[in-house]
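In terms of this note's numbering, the sequence shown opens at residue 1 and continues consecutively. Glycine included, C-beta positions come from ideal geometry on N, C-alpha and C. Because the structure is a prediction, the values reported are computed rather than measured.
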Amino acid sequence: MVSAPPTLQDQAFRSLVRNEVLTVSDAECLIREFFPPLFKEASTQKKAKTIKILVEYWPYPCLHVGLLIDKPNFQIFQAILDGVDTWLKRKYRPRMGRLEKVDFRDAQHHASLDMQDGREGRDYLVGTLPKKQIVEGHSRTRKERLKLFHDLSFMSSLHEDKHQTLLLEWAKERTSFLHLCCEKLEIGAVEVSKVRNVLKFLQPELIKELKLNTVGNLSKLAKFVPFIRKMRNLQKLMLVRTFGTRTFTQEEKQNISKIISLFCKLSCLRHLTIDDVYFLTDQMKELLRCLEAPLVSLKITLCQLSQSDLESFAQRWNYSQLKHLCLRGVTLTNLDVKPLRDFLKHVAANLQTLDLEDCRMNDSHFRTLLPALIKCTQLTSINLYDNDISEDVLENFLHRTTNLSQLTTEMYPAPSEVYNESNYVIVEIFIQICAELMNKLMEVRQANSVCFGSYSCYDCDDRYLYEDDGDVTLCLCQE
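Structural data, given as structure tokens:
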């Protein structure tokens with residue numbers, strides 16, 4: 001497809017930026033609607049000087065950097081901060097309104113927001129400045145501090161983000177003039193003291209999403225609890241990879257209690273992910289009991305659950321709005337799954353996605369769950385890969401899915417009959433049985449995207465796949 005030739009205005013903007021002829025006096029008189037396209041063009045051409053001038057005279061209450069340009073390089077990033085700095089120091093601002101917010105979050109964050117206040121809309125224009133904000137001789141008071149939004153990540157002391165390091169040093173020196181606002185925070189294997197120092201000048205009530213990723217041992221994780229307690233508007237919490245032995249000292253038991261009790265303070269929590277966390281065993285009853293707000297999604301992966309943990313799912317807790325459940329990698333082989341069946345019946349009316357991949361269930365487990373599964377009529381996605389289920393049991397399930405008409409993505413395990421004694425796939429049998437199962441399913445209802453998949457190959461780690469259109473994907477060893 002041939003792109004449309006640039007307009008005269010586009011060419012004028014490119015020339016203006018390329019020759020770096022935009023001056024302060026020009027910016028003062030520049031038509032308001034020209035600022036966003038000039039800002040984008042200056043970023044494309046990496047003209048830091050022009051960027052700084054445009055920021056100094058930005059005419060809208062909001063500067064949505066992340067929506068106008070994608071990941072500014074270090075020079076442009078520094079120029080934006082320099083421009084904001086000049087704006088903060090200027091006492092009088094004739095012709096301009098008050099800049100209220102500078103937002104570095106990416107376009108994905110803004111996808112659901114109205115395109116206004118200097119953000120690029122469908123017609124490439126921006127919202128106009130409200131008349132009440134066009135003031136003469138305006139000066140900033142402490143209560144009117146500029147808000148600067150930026151996601152923060154502290155994953156490793158060895159690979160620091162230069163942009164973030166500059167931002168934190170810059171913002172720390174200007175706390176009297178601005179609020180550094182973070183809605184999405186990620187903490188990993190870094191010194192606790194380093195993160196603490198940053199958390200002290202953040203507004204914890206603004207943090208909506210927190211990811212604790214490979215933080216370390218229990219003691220280190222527990223040190224963050226006092227700060228997390230203050231995140232009273234936290235909506236999404238991800239606790240990922242915390243390692244240790246399964247024999248706990250008295251101090252470790254106290255730390256576990258401290259961490260679990262934290263959930264009582266998170267009254268806005270709607271999405272909870274616990275991934276590869278060793279201390280979760282025998283803690284689910286207390287954890288679920290602590291939840292105040294109804295969860296929308298619960299994801300527990302690569303964790304070892306006990307029978308009492310599984311039974312706690314069916315107890316009274318806030319699951320009335322649960323739409324997404326994932327227990328991927330939670331081994332159920334030696335557990336009685338009746339409590340899980342009862343729980344699925346309770347949430348069947350709302351549940352939209354169900355992921356039970358690699359739960360190592362057998363026919364007995366699946367027969368137990370089947371009455372609950374076929375009641376989940378709102379399901380749009382189901383994943384049952386990596387479970388040891390026979391052809392007869394799987395066929396029986398597929399035959400009873402008439403009411404699961406909302407499904408758009410279905411992933412089922414290749415039946416146990418397709419493997420030889422060494423657990424390698426017998427290709428001809430795999431194709432034959434999967435084709436038969438697919439035909440049985442099509443007789444029951446119209447399917448959208450269905451796939452039967454084997455266990456990952458021991459040698460190449462790829463799956464054999466049989467798709468609804470008859471396409472067969474072999475593992476790399478067979479290609």
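Residue range of the beta strand (DSSP E) that includes residue i
{"i": "C451", "result": "V450 to G453"}
{"i": "C475", "result": "Taken as a continuous stretch (DSSP letters only), C475 belongs to no beta strand (DSSP E), as it is neither H nor E."}
{"i": "F104", "result": "Segment: none, F104 is in no beta strand (DSSP E) and carries neither H nor E."}
{"i": "H492", "result": "The shown model of the chain, from 1 to 479, leaves out residue 492, and the question about it has no answer."}
{"i": "L149", "result": "Reading the sequence as shown, one finds Phe at residue 149 and not Leu. That run of the beta strand (DSSP E) goes L146 to F149."}
{"i": "L178", "result": "L178 to C181"}
{"i": "K345", "result": "Careful: K345 lies outside any beta strand (DSSP E), inside the alpha helix (DSSP H) at K338 to V347."}
{"i": "K220", "result": "Note, K220: premise wrong, no beta strand (DSSP E); alpha helix (DSSP H) at L218 to A222."}
{"i": "D355", "result": "T353 to D355"}
{"i": "S381", "result": "S381 to N383"}
{"i": "E483", "result": "There is simply no residue 483 to check, as the chain begins at 1 and stops at 479 in what is shown."}
{"i": "S297", "result": "S297 to T301"}
Beta-carbon contacts of residue i that lie in its chain and below 6 Å, excluding the five residues immediately before and after
{"i": "T353", "result": "H324 and S381"}
{"i": "W170", "result": "L81"}
{"i": "K101", "result": "C62 and K147"}
{"i": "G83", "result": "K52, V55 and E56"}
{"i": "F452", "result": "Y412, A414, C434 and Y466"}
{"i": "L305", "result": "V330"}
{"i": "M238", "result": "K211 and T273"}
{"i": "R400", "result": "I374"}
{"i": "L481", "result": "Because the chain here runs from 1 to 479, residue 481 falls outside it and cannot be looked at."}
{"i": "A348", "result": "K375 and C376"}
Same chain, Cβ closer than 7 Å to residue i, neighbours up to 5 away in sequence not counted
{"i": "R328", "result": "T301, D355, E357 and D358"}
{"i": "V24", "result": "I53"}
{"i": "Q307", "result": "L335 and D336"}
{"i": "D363", "result": "I389, S390 and V393"}
{"i": "E436", "result": "none"}
{"i": "R18", "result": "Q45"}
{"i": "L199", "result": "F227"}
{"i": "D462", "result": "S456, C475 and L476"}
Cα-Cα separation, residue i to residue j
{"i": "S297", "j": "K236", "result": "9 Å"}
{"i": "A372", "j": "K285", "result": "22 Å"}
{"i": "T44", "j": "Q164", "result": "21 Å"}
{"i": "F299", "j": "E56", "result": "For the record, residue 299 in the displayed sequence is Lys; it is not Phe. Roughly 45 Å between the two C-alpha positions."}
{"i": "Y319", "j": "N350", "result": "10 Å"}
{"i": "I134", "j": "I31", "result": "Any answer about I134 is weak, because its pLDDT of 34 lies below 50 and its placement is not dependable; what the coordinates show is given next. Straight-line Cα distance between these residues: approximately 15 Å."}
{"i": "A447", "j": "T408", "result": "7 Å"}
{"i": "D106", "j": "P72", "result": "11 Å"}
{"i": "N197", "j": "D459", "result": "47 Å"}
{"i": "V65", "j": "L210", "result": "23 Å"}
{"i": "L88", "j": "P204", "result": "24 Å"}
{"i": "D282", "j": "L167", "result": "42 Å"}
{"i": "I228", "j": "Y424", "result": "48 Å"}
{"i": "D276", "j": "F243", "result": "8 Å"}
{"i": "E252", "j": "L269", "result": "25 Å"}
{"i": "L202", "j": "D161", "result": "18 Å"}
{"i": "L370", "j": "S416", "result": "18 Å"}
{"i": "D471", "j": "F430", "result": "12 Å"}
{"i": "L310", "j": "A42", "result": "57 Å"}
{"i": "V215", "j": "E428", "result": "47 Å"}
Rounded Cβ spacing between residue i and residue j (contact assumed at less than 8 Å)
{"i": "V418", "j": "S456", "result": "V418 to S456, Cβ: 14 Å. No contact."}
{"i": "P339", "j": "A314", "result": "4 Å"}
{"i": "L266", "j": "L234", "result": "5 Å"}
{"i": "F104", "j": "R145", "result": "The pair is not a contact, with the Cβ atoms about 17 Å apart (cut-off 8 Å)."}
{"i": "E28", "j": "T50", "result": "That pair is no contact at about 15 Å."}
{"i": "K46", "j": "I76", "result": "6 Å"}
{"i": "L99", "j": "W58", "result": "6 Å"}
{"i": "S156", "j": "V190", "result": "7 Å"}
{"i": "V240", "j": "L280", "result": "V240 to L280, Cβ: 12 Å. No contact."}
{"i": "E183", "j": "K208", "result": "5 Å"}
{"i": "L344", "j": "C376", "result": "7 Å"}
{"i": "L332", "j": "R367", "result": "Not quite, the Cβ-Cβ distance comes to about 13 Å (not below 8 Å), so this is no contact."}
{"i": "Y464", "j": "C475", "result": "6 Å"}
{"i": "T402", "j": "V444", "result": "6 Å"}
Enclosing alpha helix (DSSP H) for residue i [first to last residue]
{"i": "D10", "result": "L8 to R18"}
{"i": "L310", "result": "Q307 to S312"}
{"i": "Y364", "result": "A small correction: the amino acid at residue 364 is Ser; Tyr does not occupy that position in the sequence shown. Looking at the DSSP string, the run of the alpha helix (DSSP H) that includes S364 is D363 to L373."}
{"i": "T44", "result": "F35 to T44"}
{"i": "E209", "result": "Note, E209: premise wrong, no alpha helix (DSSP H); beta strand (DSSP E) at E209 to N213."}
{"i": "E292", "result": "Careful: E292 lies outside any alpha helix (DSSP H) and carries neither H nor E."}
{"i": "S456", "result": "Per DSSP, S456 belongs to no alpha helix (DSSP H) and is neither H nor E."}
Close-in-space but distant-in-sequence residues of the same chain around residue i (CB under 8 Å, 5 per side omitted)
{"i": "L206", "result": "C181, C182, E183 and N233"}
{"i": "I256", "result": "L218, F248, F279 and Q283"}
Problem set entry | Runs of alpha helix (DSSP H) wholly within the segment 224-290 (minimum 4 residues, chain order) | 225-228, 250-261 and 284-290
For this session: Scan the segment 393-449 and note each continuous alpha helix (DSSP H) run of 4 residues or more that stays entirely inside, going in chain order.
Result: 427-444
Problem set entry | Whole alpha helix (DSSP H) elements within the segment 55-79, 4-residue minimum | 65-68
For this session: Could I get the ranges of all uninterrupted alpha helix (DSSP H) runs contained in the segment 154-207, with 4 residues as the minimum, in chain order?
Result: 162-172 and 192-199
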